[in-house]
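In our numbering, the protein residues as written are 5 to 110. We put the CB at the ideal spot given by N, CA and C, even for glycine. Here is the structure we will look at.
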């Protein structure tokens, strides 16, 4: 029983340590009253089709824009995505990216 539990724990740690897609290092620019631009790094495993989601918030913390999209692989991993907003945004949040079999955004 201890070997089975130890094997399962090792497999779980390995699977969680190497997700098909991961994202981070968010920077953003407020372009104008109806547009924000998010720039971040996406680390994709080969042949993985991912979906990334970013949100924009106004000064009063109201959600004013959200976009989900499929990032195109680049040599640097850097992705830039514009977010259309209902009114001027003051901050942008990277919810993360998911892939088939990886329901939790990273």
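Rounding to the nearest angstrom, what Cα-Cα distance links residue i and residue j in this structure?
i, j, result
"residue 53", "residue 92", "31 Å"
"residue 107", "residue 78", "23 Å"
Got a sec, what are the start and stop residues for the beta strand (DSSP E) residue i sits in?
i, result
"residue 100", "95-102"
"residue 63", "Note, residue 63: premise wrong, no beta strand (DSSP E); not H, not E."
"residue 26", "25-36"
With a threshold of 16 other CB atoms inside 10 Å of the CB of residue i, please say whether the residue is buried or exposed.
i, result
"residue 4", "Residue numbering for the chain in the displayed model covers 5 to 110; residue 4 lies beyond these limits and cannot be assessed."
"residue 104", "exposed"
Let me make sure I understand the geometry here. Which of the options has the alpha-carbon closest to that of residue i?
i, options, result
"residue 100", "23, 11, 67", "23"
"residue 30", "80, 109, 84, 89", "84"
"residue 82", "11, 48, 68", "48"
"residue 71", "36, 41, 25, 10", "41"
"residue 88", "39, 34, 73", "39"
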